[in-house]
Structures are given as C-alpha cells and as structure tokens.
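J.: Here it is: the structure, laid out below.
Residue numbers (the numbering used here): 22 to 90.
Here it is as structure tokens:
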C-alpha cells in the first residue's frame, strides 16, 4: 500500500523485490516502474500491478487473494 504523508492509503500495488519493504519505508519513483526504497538507488522494487485505493477495490483484492478483511 502506498500512503500519503498523513497516512491515507492512495494505492495498492503488487511488487517484486530482493529487499524487504517495511512499514514507513519511502518509495521514490525511478524509471520503468522501478521505485527505490528510502532513496537507496541500489534497493529497488519493481511494480507488477497497481490500482487506486478505494474500499471497493480493497474488497475485490481481498476476495481475489482468497482472504477476508
């Protein structure tokens, strides 16, 4: 989940990374759907899919993953 500075959820994303992304990490955009973690350009995540957050989208994602809220 991508949150703004106030903590509101803005985006839900599936990413691929060799590095752990922890709560509070800052993701900064690079090129080609890559984001660096905490401005460390050697620590990147690749966005595989993303969607704008809404309660309906969250519910759809949970159902698709076979989970409940």
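Each residue gets a CB set at the ideal place from its N, CA and C atoms; glycine is no exception. Every value quoted in this text rests on a predicted model; they were computed, and no experiment measured them.
Just verifying my parser: in three-state terms, what is the DSSP assignment at residue 84?
T.: Residue state for residue 84 is assigned as helix, using DSSP reduced to three classes.
J.: Could you tell me the distance, in whole angstroms, from the CA atom of residue 16 to the CA atom of residue 37?
T.: The question about residue 16 has no answer, for the chain in this structure spans 22 to 90.
J.: Within the region 53-83, note down every full beta strand (DSSP E) run reaching 3 residues or more, in order along the chain.
T.: DSSP runs (the beta strand (DSSP E)) wholly in the region 53-83: 55-58, 61-73.
J.: Just confirm the distance between the C-beta atoms of residue 68 and residue 54, as a whole number of angstroms; I'd bet it's less than 8 Å.
T.: 4 Å
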